[in-house]
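Asker: Have a look at the structure that comes next, please.
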Amino acid sequence: MSDPEIRVLVAEDDPFAQRAIVTYVARAADISIVGVASDGRTALRMVGELEPDVLLTDIHMPGLDGVELIERALSLPRPPRALCFTALGDEPTMRAALEAGASGFLLKVDPPDLLVQAIRITNNGEALVSPKLLAGVLNAFTRRGNPPPDLSPTEIDLVRLVGTGLDNTEIARELSLAPSTVKTYVSRLLRRIGCRSRAQLAARAHEWGLVG
4 MSDPEIRVLV
14 AEDDPFAQRA
24 IVTYVARAAD
34 ISIVGVASDG
44 RTALRMVGEL
54 EPDVLLTDIH
64 MPGLDGVELI
74 ERALSLPRPP
84 RALCFTALGD
94 EPTMRAALEA
104 GASGFLLKVD
114 PPDLLVQAIR
124 ITNNGEALVS
134 PKLLAGVLNA
144 FTRRGNPPPD
154 LSPTEIDLVR
164 LVGTGLDNTE
174 IARELSLAPS
184 TVKTYVSRLL
194 RRIGCRSRAQ
204 LAARAHEWGL
214 VG
């Protein structure tokens with residue numbers, strides 16, 4: 004039995020970009036575009052009605068911008084995972100999106116196949132940032148303190164490995180745990196540390212100096 008399709012809602016105000024996204028993503032057999040919104044308020048309403056797996060959103064849009072859209076969408080009863088896809092690659096914008104709960108941040112100049120890969124990764128609860136912005140991520144989250152003292156050695160290892168970009172299966176191999184156990188631990192860590200996404204947890208690893 005094949006896995007269910009990844010249901011994606013696109014929030015993008017540029018008609019040309021809308022068509023390009025839909026045309027390219029539609030080629031992936033495991034991804035389905037369930038709706039397209041041209042402004043943030045419409046996108047938020049459609050997220051509530053359609054309950055997509057992934058919200059793919061631009062940053063600057065009428066109504067609500069992408070950052071506020073992500074914050075509100077993640078507060079819904081069945082929140083999607085959020086992926087930013089924008090022409091704006093400045094550090095403050097990226098940081099605001101990640102702090103709002105975005106699981107990934109891509110630029111429109113990135114290769115199109117990276118967008119499809121990012122949708123899959125985001126749907127799996129992993130994090131992906133444009134290679135063009137990766138250095139900025141590391142610079143944005145310079146060390147500002149130490150891990151909370153109540154974290155166990157295993158939990159600190161988990162934060163460190165998430166910070167290096169490993170997925171749950173790779174972390175499971177590193178720690179000799181089952182992938183399902185790693186997934187449970189990471190979800191628990193997100194709640195304990197107050198992170199809304201895996202990308203935020205990776206940022207904490209850099210803040211705390213767990214990743215060189």
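In my numbering, the protein residues as written are 4 to 215.
Beta carbons: idealized from backbone N, C-alpha and C, even for Gly.
Is the separation between the beta-carbon of MET64 and that of ASP16 shorter than 8 Å?
Answerer: On the sequence shown, position 61 is the one that residue 64 refers to. On the sequence shown, position 13 is the one that residue 16 refers to. With respect to the 8 Å criterion, MET64 and ASP16 are classified as neighbours on the basis of their beta carbons.
Asker: Of all the options VAL37, THR89, GLU102 and VAL185, which has the alpha carbon lying nearest to the alpha carbon of LYS135?
Answerer: Counting from 1 along the sequence shown, the entry for residue 135 is found at position 132. Comparing Cα-Cα distances from LYS135 to each of VAL37, THR89, GLU102 and VAL185, the minimum goes to THR89.
Asker: Excluding five sequence neighbours on each side, which residues of the same chain lie with their C-beta closer than 6 Å to the C-beta of VAL185?
Answerer: The count along the sequence shown starts at 1 and reaches residue 185 at position 182. Contacts found: ASN171, ILE174 and ALA175.
Asker: Got a sec, what are the start and stop residues for the alpha helix (DSSP H) GLY43 sits in?
Answerer: For the purposes of this step, residue 43 is identified with residue 40 of the sequence shown, where counting begins at 1. Its alpha helix (DSSP H) spans residues 43 to 53.
Asker: From VAL162, ARG123 and ARG195, pick the residue whose C-alpha is nearest to that of ALA31; which is it?
Answerer: Counted from its first residue, the sequence shown places residue 31 at position 28. The option with the nearest alpha carbon to ALA31 is ARG123.
Asker: Near MET49, what residues of its chain come up, given a Cβ to Cβ distance below 7 Å and the 5 sequence neighbours on each side ignored?
Answerer: As a working note, residue 49 is residue 46 in the sequence shown. Close CB contacts of MET49 within its chain, under the 7 Å cut and outside five residues either way in sequence, are with LEU12, GLY38 and ALA40 (chain order).
Asker: Kindly indicate which residue of VAL119, ALA46 and GLU52 has the alpha-carbon position closest to the one of LEU67.
Answerer: On the sequence shown, position 64 is the one that residue 67 refers to. With distances taken between Cα atoms, LEU67 lies closest to ALA46.
Asker: Going by C-alpha distance, which of ARG201, ILE9, ASP33 and VAL165 is nearest VAL1?
Answerer: The structure shown does not extend to residue 1, since the chain is modelled only from 4 to 215, so the question has no answer here.
Asker: Let me check understanding here. Comparing Cα to Cα, which of PRO7, GLN120 and ILE73 lies closest to TYR27?
Answerer: The residue you call residue 27 lines up with position 24 of the sequence shown. Comparing alpha-carbon positions, the option among PRO7, GLN120 and ILE73 lying closest to TYR27 turns out to be GLN120.
Asker: I'd like the list of long-range same chain contacts for PHE108, defined as Cβ closer than 7 Å, with 5 residues on each side in sequence excluded.
Answerer: Taking the sequence shown and counting its residues from 1, one reaches residue 108 at position 105. The answer, listed in chain order, is CYS87, MET97, ALA100, LEU101, VAL132, SER133 and LEU136.
Asker: As a quick exercise: from SER183, GLU158, ALA181 and LEU178, pick the residue whose alpha carbon is nearest that of ALA205.
Answerer: Working through the sequence shown from its first residue, we reach residue 205 at position 202. It is GLU158.
Asker: If you count every other CB in all the chains shown that lies within 10 Å of the CB of ASP33, and 16 or more means buried, which is it?
Answerer: Position 30 of the sequence shown, counting from 1, holds the residue named residue 33. When all chains shown are included, ASP33 counts as exposed.
Asker: Would you kindly work out how many angstroms separate the C-alpha atoms of ILE9 and SER183, rounded to a whole number?
Answerer: Position 6 of the sequence shown, counting from 1, holds the residue named residue 9. Position 180 of the sequence shown, counting from 1, holds the residue named residue 183. One C-alpha to the other measures close to 20 Å.
Asker: Under a three-way DSSP split, which group does GLY166 fall into?
Answerer: By 1-based counting over the sequence shown, the position of residue 166 is 163. Residue state, collapsed to three classes: helix.
Asker: Does LEU213 come out as helix, strand or coil in the three-state DSSP assignment?
Answerer: Residue numbering aside, residue 213 sits at position 210 when the sequence shown is read from its first letter. In the three-state DSSP reduction, LEU213 falls in the coil class, being neither helix nor strand.
Asker: Which residues bound the alpha helix (DSSP H) around ARG123?
Answerer: Taking the first residue of the sequence shown as 1, we reach residue 123 at position 120. Under the DSSP assignment, ARG123 falls in the alpha helix (DSSP H) whose first and last residues are 115 to 126.
Asker: Based on Cα-Cα distance, which residue from HIS209, GLY168, VAL25 and ALA105 lies nearest to ASN126?
Answerer: Taking the first residue of the sequence shown as position 1, residue 126 is located at position 123. Residue ALA105 is the option with its Cα nearest to ASN126.
Asker: Which of the three DSSP states, helix, strand or coil, is assigned to SER133?
Answerer: Along the sequence shown, read from residue 1 onward, the residue named residue 133 stands at position 130. Per DSSP, reduced to three states, the secondary structure at SER133 is coil, with no helix or strand assignment.
Asker: ALA233 and LEU58 look like a contact to me (Cβ under 8 Å); what is the Cβ gap, rounded to whole Å?
Answerer: Missing from the structure shown is residue 233; the chain here goes from 4 to 215 and no further.
Asker: With a 10 Å radius around its C-beta and 16 neighbouring C-beta atoms as the bar for buried, classify THR187 as buried or exposed.
Answerer: The residue you call residue 187 lines up with position 184 of the sequence shown. Answer is exposed; the Cβ neighbour count stays below 16.
Asker: Measuring only the C-alpha atoms, how far is VAL189 from GLY69?
Answerer: Taking the sequence shown and counting its residues from 1, one reaches residue 189 at position 186. Taking the sequence shown and counting its residues from 1, one reaches residue 69 at position 66. The straight-line gap from Cα to Cα measures roughly 26 Å.
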